[in-house]
Structures are given as C-alpha cells and as structure tokens.
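Please read the structure below before turning to the comments.
Number of protein chains: 2
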Amino acid sequence: MPRPGPRLRLVDVAERAGVSLATASRALAGREGVSEEVARHVRQVSRELGYVANPYARTLAGGASSTVGLIVHQIDDPYFSEIASGVLQVAAEEGLLVQIAHSGRDPENELRQLRHLIAQQVGIILIAGSGYDDPRVEAEARAELAGFQRSGGRVAVIGRHALGVDAVVPDNEAGGRAIGAHLLALGHRRIAVAAGTPGLTTVADRLAGVTAALAAHGHSPDDLAVVHSDFTRDGGRVATERILHHHPESTAIIALNDAMAIGVLSVLRSRRIPVPERVSVVGFDDVSVAADLAPSLTTVRLPMTEMGRMALTLALKPRSTRPRRRSTGHTLIVRDSTGPVPAPGG
Amino acid sequence: MPRPGPRLRLVDVAERAGVSLATASRALAGREGVSEEVARHVRQVSRELGYVANPYARTLAGGASSTVGLIVHQIDDPYFSEIASGVLQVAAEEGLLVQIAHSGRDPENELRQLRHLIAQQVGIILIAGSGYDDPRVEAEARAELAGFQRSGGRVAVIGRHALGVDAVVPDNEAGGRAIGAHLLALGHRRIAVAAGTPGLTTVADRLAGVTAALAAHGHSPDDLAVVHSDFTRDGGRVATERILHHHPESTAIIALNDAMAIGVLSVLRSRRIPVPERVSVVGFDDVSVAADLAPSLTTVRLPMTEMGRMALTLALKPRSTRPRRRSTGHTLIVRDSTGPVPAPGG
DNA sequence: CTGAAAGCGCTTACAG
DNA sequence: CTGAAAGCGCTTACAG
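Residue numbers (the working numbering), protein chains in the order written: chain A, 1 to 346; chain B, 1001 to 1346.
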C-alpha cells in the first residue's frame, strides 16, 4: 500500500526499473520509441511502487494538462448538477480532474471564468448552459475559445451555438414543439408561457418551438401570452402572478424549464387553483424531482447526465476541421399536471 | 484587454517593471523583503499587462497550491450540490480553483479519490458527507490526511468526526431530537424510521437523536420501527413499502434525509394514503425543493450552502494545534406533511 | 530503441 | 532591500 512519505518521482521508477528518465517517461506516456518489453517492465514497476506523476511538473514540461474546466451557471441547479455528474463520470473513467466554476448566468462573469481557466492552462474546457443574445459577449467568448484551441486546448459546449466549437445541442426547439402539440391536442387555446430571461438563447429556442407548433396547427402566436422573468423557481412564481393577473383566461401555463414550473405550481397551489382541472402546467428538462411533485409534472426530458458525458467525450476526440454537433434528442413525459381544457364556464 | 497570444510570463512583468525576477515574484506573492514602493509598482504593471501566474510552475517551484479538492458522495444530490455551491462562492472570492470528485458513498472509492487528490498536490482538501462505521477505512483516511497535513496541506470536513481534522459538524443528533419531540407533541407513538445505510455515521447520529427524544419523554425505543435502506429517494421508497407491510400501525414516518422523504411521499401518494391525515412524514436537510413538495415537507433545516462556506473558510485559516469544530445549528421547519395523530380507528 | 541534456515558469535559499 | 542562481519533476528534441 502506498503510504504517505517522501513523494515518489519518475527518477525513482526509472532507477528501480534500470532505465533512463527519458525511457521511463516514454513508457508511461505510452509514447512510441520504447520496446514493448521495456515499456511493460517500466509500467509494472511503476504500478508496484504506486507512482503517480506530478501533474504540475508534467504540464509545465509541455505535457497535456489532464484537467478539464467546467463552467456552469449554478452548480446547485439540478440541471447543471446532473450535467456535472455525467462529466465527473467520464473524467473518472479517463483519469481526468474536473474543475468547476460558476458563471452565475452573468455573461461578463462567464468570460472572466473562461479566461481564468485558460490562464490556469486546463487542457479541456466545457461550458454548460444557455448562451446570450448579446453578440459582443458571444464574439469575445468565441475569440477566447479560438485562441485556446489554437494553442492545443479542446473545447465542447452544452446548449450553446454560435461559439464555433463542438457542441451538444439540446432539442430545445423540437421539445417546445412537442409541448405545444401536446397542449393543442388537449384542446388548449389560451396558453401562457412563463419564460426565462429574454437574453438567453435557450429561452428563445424553446419559445420558438412552442410558437411553431401553434403556427403548424393554424393558430396565431397572439394566442400565446409570454411573460419573461428569471429562469428560476422564483422567476416562475413572479411570472405566474403576472399571468393570473393579466391573462386570467389562460388554461395552460408552459414553464420554459422545470425550475420555473416548480414556481408555477407553488403559486397555483397557494391560490388553490386546481392543476390540471383548471390550469395545465408543463415544464422542460425533467429534473429528477419532476416526477415527485404533486401533481407530477408533465415535461420534456433532456438526458442531462448523458449530455455531460457526451460533451467530455466529444472534447476528448481529436479535433475535427469543422465543429461537430450532437443532438440530445428529447422525450415528452406526460404526467399528471396536464389534462383536457376545462369546459367553458366550468 | 488581455487578448490571447503568447503567454505572459513573470519575466515579462519583471522586465517591464525594471526589476529582477525574484523581486517581481516577491512583490506579487506579497512576501516581505521588497520596499512597499517597488511592490506597488510591480503589482501595477502586472495588472496592466493582465498577468496571471502559471499555477503549474508556481506549485512545482514550491509555492502553495491554490486549488482545493472537494470530495462529495454525489454531486447531483441537492445536499451536496448546495454545499459545493458554498465552496465555489468562497473559492471565487479567494481566487482559488475547485476540483470536485465523487466518492459514490463507497469508502474504498473515497480513499482512492483522496489519494488521487493528494497525489495531484492540491493545497486544500474538503470532504463532505457522512463518515463510515468501518474503523479500518476511517483509520486509513485519517492516516492519509495526517500525512497530507504534515506536508503542509490543509483539510476540513463536513459531517464527519473521527478524522482528526477541522470539521463542520451538522446538528444531526439535535435535529433528530427536534423531530422526535415534534411528533411526540402531535401525539404520535407508533413511529417508523426510514433510515439510510446502517454503516453511515450520519444515519446513526440522526437516529440516536430520535431515540433520545423518545427516551426523554419516557417512551421505549421499541416504539420505533427502524427500516434501513439506501440513503436515497429509491431507498425511501423501498423502506416505505417495508414499513407499510411490517408496521402498518405506524402513524408517522421519519425519513433520515429529504431524499428518502421524497421516496416516502411518492409511495404514500401512489397508495393514496393521505399525508398527514393518516400518516405524518418528516425529512431532514431541507433541500430547496422540500417546500414545493405536496404536501410541503416538514423537515430539519441544515444550512448547506453556508456549511460549504464554513468548511473552506476553516481550511483557509492557519492550522491550530487541535482540530476545530464548528456546529451548524439547525431549525425545525414545520410544514404540511405533519399533523396530529389520527383518532384510533379513524 | 535508448540516454544525456535542455527547458518549461516559477520560488526560495544564498549572497551582497 | 535586491539579484543571480539553483532547483522543483517532468517532457521532448537531439544524438547516438
């Protein structure tokens, strides 16, 4: 058992194996230029001794950094913690370290975190979470990432486009359409949307899907009452208050993520407005608690953990000439929070 | 604006400031041995140039590592993601990087992650989550941490004792007592406990609190039906099935964390057993969704985000001769899932 | 295939 | 207070 003590260095392994430092380094890195026999022996000795390379020395000497930087809006939001969990899984399998940073849904702060990670010389950068409508911010982020890639860094993003890098693309628009179609099929015509911050592309994309569904069925977008607020539970509460006040005729409320949906349900419950008898509610994401709300939440499932895995897996592949895109797919999960439109006057 | 390009090194700053490498290093590190005037100038130049030290070189050269390693059972469990959020807050304030690793509630794996972090030479190690009853595992962890501290590392843990390091100690026992007293006051006598894995100290401590409350009120611990299962939502489901089958007379179920409580509520709902009219339910932790369940969950609030902050703050202080302990406090949050014991035969 | 040597970008004794 | 130099533990041309 490797017990704490003076740290083992590569020279120790080399000495013990009876080879030079250079050979030992090559053998452990799996680089060519070493006979298979010698390489095997070195690895064997290394294992016996419990050697672990000093990552600082390795990286400083020009080896690839084995740490991945992950930027999320907020780690205690289930959407992001599930993504992070997927990233951690793959990282553990690959022997990588994961550094996590908060952007706090603030584009300037995200840029700051991004630069910090680059300055720290992580090998891989993953950015999760909606992009911003602001072209200037996106252009700056794009430039930073391009520079990072030029110097050998690898990048993948989740839920953003327009960054010119490999991307895991959630089915936001298609999911929105599925929700729209579902409510239309139930007879709903007066639909309100509790939408997140207007500047987020995720909000825009999901909303576009809903609108497209209405249009496809010959309905005017005017049937849709869109109320913007924060993309959080409390934002959902605020939006709902406004919807009940300004659009009391609504028979369904679409929350553009589950966090907002939780806020929507919370207000409806405290107002004793029965769901779905009087108002149907839909979310988006299918965070794990969605099934346990009361009523259980109809929502669009995105495979968050898998998305985290996909992103790191993408970043681990050799870079291609053009950015790759992986679509996540989606599933409409119909639960108890949606039902047929109430009879008029009922 | 610092734009990507050939990376700025400390020599560049030194040159530009007209001082030697050594002086520049000292000035930026805030070490003494530099005139305040020169130091200020160097810092000024550094800032203008947008210099960020290469952490690999710095650490390799013997400087303190500015990365903190955080081990959690599972990052997508709200308990841990809220703690992580607190850690990230303080880290951002202090300019530290945070590496997160999963232990997956497996003692062997936790040990592996711990050694990995030490091998990576992080400067600070934080371990969150219940300890294990297994003396061998705890002894090994203790030895690793002692060695790490001897070589200058700093450590703090959340929710474990017996590790001989600074600790943030959740009010598990007192919280358990508060729950017991609350149910007793409501007239409950037949109480079941959906307890997590037996080997976890958190489970033992919370359970001890509940038992103590019963004893304090002159009740025998035999009144308590304890069912062990996983410390998760699904564990809560399994435990509830068993409780309903083997202890159908129970009028209250105490889940030893909120995740289990969510599972408890889920089974009761699907069996159409009214809460709290027929059975009262209590959780522990007060994860953010607890207030939004239906019925909203009575639980003991632990300040998770603050606990994360406390742990890193503790670790940042100079080490003391004896391990420090910070108690978290707790608050019983009474919501809708608990009520008076049903009338017999009612 | 293998090894001696330079170099990565810092920090820290050691002199002055 | 300040600087020249050694050294941290690796990787990678460069020779052989």
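A virtual CB, placed ideally from N, CA and C, is assigned to each residue, including glycine.
Using a cut-off of 8 Å between C-beta atoms, extract the partners of residue i located in chain B.
| i | result |
| --- | --- |
| Asn257 of chain A | The premise fails here: Asn257 of chain A is roughly 14 Å from chain B at the closest Cβ pair, so nothing lies under 8 Å. |
| Ile262 of chain A | Val1289 and Asp1292 |
Pick from the options: whose alpha carbon is nearest that of residue i?
| i | options | result |
| --- | --- | --- |
| Met1304 of chain B | B:Val1281, B:Leu1316 and B:Thr1331 | B:Thr1331 |
| Pro1248 of chain B | B:Leu1097, B:Ala1128 and B:Leu1224 | B:Leu1224 |
| Ala259 of chain A | A:Thr240, A:Arg271, A:His246 and A:Ser270 | A:Thr240 |
| Pro1276 of chain B | B:His1217, B:Leu1183, B:Pro1198 and B:Val1210 | B:Leu1183 |
| Pro1329 of chain B | B:Met1310, B:Leu1302 and B:Val1090 | First, the residue type needs correcting, since residue 1329 of chain B is Gly and not Pro in the sequence shown. When only C-alpha atoms are compared, the closest one is B:Leu1302. |
| Gly308 of chain A | A:Gly159, A:Ala216 and A:Ser270 | A:Gly159 |
| Leu1148 of chain B | B:Gly1123, B:Asn1109, B:Leu1214 and B:Val1168 | The question names Leu, but residue 1148 of chain B is Phe in the sequence shown. Checked all of B:Gly1123, B:Asn1109, B:Leu1214 and B:Val1168; the closest Cα to Phe1148 of chain B is B:Gly1123. |
| Ser1270 of chain B | B:Arg1319, B:His1245, B:Arg1237 and B:Ser1288 | B:Arg1237 |
| Gly153 of chain A | A:His102, A:Ile118, A:Leu88 and A:Ala92 | A:Ile118 |
| Gly62 of chain A | A:Val98, A:Ser151 and A:Arg142 | A:Ser151 |
| Ala1128 of chain B | B:Ala1139, B:Arg1272, B:Leu1200 and B:Ser1229 | B:Leu1200 |
| Leu1207 of chain B | B:Val1282, B:His1245 and B:Arg1031 | B:Val1282 |
| Glu108 of chain A | A:Glu93, A:Ala92, A:Ala141 and A:Glu94 | A:Ala141 |
| His102 of chain A | B:Pro1323, B:His1102, B:Ala1092 and B:Thr1321 | B:Ala1092 |
| Glu94 of chain A | A:Lys317, A:Arg324 and A:Arg322 | A:Lys317 |
Which residues of chain A have a Cβ atom closer than 9 Å to the Cβ of residue i, listed in chain order?
| i | result |
| --- | --- |
| Leu1293 of chain B | Val289, Asp292, Leu293 and Ala294 |
With a CB to CB cut of under 7 Å and the five nearest residues on each side skipped, what residues in its chain are close to residue i?
| i | result |
| --- | --- |
| Asp234 of chain A | Gly263 |
| Thr1251 of chain B | His1188, Arg1190, Val1279, Ser1280, Val1341 and Pro1342 |
| Ser1025 of chain B | Leu1010 |
| Gly218 of chain A | none |
| Val34 of chain A | Thr23, Arg26 and Ala27 |
| Val1019 of chain B | Val1038 and Val1042 |
| Val267 of chain A | Arg237, Thr240 and Glu241 |
| Thr1059 of chain B | Ser1065 and Gln1121 |
| Val90 of chain A | Arg309, Leu312 and Thr313 |
| Leu88 of chain A | Val98 |
What does residue i reach in chain A if we use C-beta pairs closer than 8 Å?
| i | result |
| --- | --- |
| Ser1085 of chain B | Gln74, Ile75, Asp76 and His102 |
| Thr1059 of chain B | Tyr56 |
| Leu1088 of chain B | Ile75, Ile100, Ala101 and His102 |
Please return the same chain residues whose Cβ sits closer than 6 Å to the Cβ of residue i, not counting the five positions on each side in sequence.
| i | result |
| --- | --- |
| Pro1002 of chain B | Below a pLDDT of 50, predicted positions are generally treated as unreliable, and Pro1002 of chain B, at 36, falls in that range; the measurement from the model is reported next regardless. Excluding sequence neighbours, Pro1002 of chain B sits near Gly1050. |
| Pro4 of chain A | With a pLDDT of only 41 at Pro4 of chain A, under 50, the local geometry of the prediction cannot be trusted, and the value read off the model is given with reservation. If we look at Pro4 of chain A and ignore the five residues flanking it on each side, it has no Cβ neighbours. |
| Asp336 of chain A | Pro295 and Ser296 |
| Gly196 of chain A | Val203, Phe231 and Leu256 |
| Asp1205 of chain B | Asn1172 and Glu1173 |
| Arg1105 of chain B | His1073 |
| Ala1156 of chain B | Leu1126, Asp1166, Ala1311, Leu1314 and Ala1315 |
| Thr211 of chain A | Pro221 |
| Ser1229 of chain B | Gly1235, Val1238 and Ala1239 |
| Thr1298 of chain B | Val1282, Val1334, Arg1335, Ser1337 and Thr1338 |
| Pro1198 of chain B | His1228 |
Along chain A, which residues have their Cβ under 7 Å away from the Cβ of residue i?
| i | result |
| --- | --- |
| Glu1082 of chain B | Asp76 |
| Ala1119 of chain B | Val52 |
| Arg1357 of chain B | The structure shown has nothing for residue 1357 of chain B, since chain B only spans 1001 to 1346. |
| Leu1097 of chain B | Gln99 and Gln120 |
| Leu1092 of chain B | Reading the sequence as shown, one finds Ala at residue 1092 of chain B and not Leu. His102, listed in chain order. |
Using C-beta distances below 8 Å, list every residue in its chain close to residue i, excluding the 5 sequence neighbours before and after it, in chain order.
| i | result |
| --- | --- |
| Ala192 of chain A | Leu224, Ala225, Val226, Val227, Ile243, His247, Ser250, Ala252, Ile253 and Ile254 |
| Gly1346 of chain B | Residue placement at Gly1346 of chain B cannot be trusted, given a pLDDT of 46 that sits under 50; what the coordinates show is reported in the next sentence. Same-chain partners within the cutoff: there are none. |
| Gly1209 of chain B | Asn1172, Glu1173, Ala1174, Gly1175, Gly1176, Arg1177, Ala1178, Ile1179 and Gly1180 |
| Glu306 of chain A | Gly86 and Thr328 |
| Glu1138 of chain B | Gly1131, Tyr1132, Ala1162 and Leu1163 |
Since residue i contacts residue j with CB under 8 Å, what's their CB separation in whole angstroms?
| i | j | result |
| --- | --- | --- |
| Val1052 of chain B | Leu1096 of chain B | With a Cβ gap of about 14 Å, Val1052 of chain B and Leu1096 of chain B do not count as contacting. |
| Leu293 of chain A | Asp1292 of chain B | 7 Å |
| Leu145 of chain A | Ile100 of chain A | Wrong, their Cβ atoms sit about 18 Å apart, outside the cutoff. |
| Gly339 of chain A | Leu214 of chain A | So it is not a contact: roughly 19 Å between Cβ atoms. |
| Val289 of chain A | Val1289 of chain B | 5 Å |
| Arg1016 of chain B | Val1169 of chain B | Wrong, their Cβ atoms sit about 50 Å apart, outside the cutoff. |
| Ala14 of chain A | Leu21 of chain A | 5 Å |
Can you pull the chain B neighbours of residue i, defined as C-beta to C-beta under 7 Å?
| i | result |
| --- | --- |
| Ser266 of chain A | Asp1292 |
Worksheet item: If we count Cβ pairs, one from each stretch, closer than 8 Å, do we get three or more for the region 1259-1269 of chain B versus the region 1130-1143 of chain B?
Response: They do not touch, by the three-pair rule.
Fill in: Touching by the beta-carbon criterion (3+ pairs, under 8 Å), the region 1066-1085 of chain B and the region 68-84 of chain A
Here the region 1066-1085 of chain B lies against the region 68-84 of chain A, with 3 or more beta-carbon pairs under 8 Å apart.
Discussion item. Check whether the region 1041-1048 of chain B and the region 110-129 of chain A are in contact - that is, three or more C-beta pairs closer than 8 Å.
Written reply: Counting Cβ pairs under 8 Å, fewer than three are found: no touch.
Fill in: contact_flag[the region 312-319 of chain A, the region 1009-1022 of chain B] where n(CB pairs < 8 Å) is 3 or more
Result no; under three Cβ-Cβ pairs closer than 8 Å.
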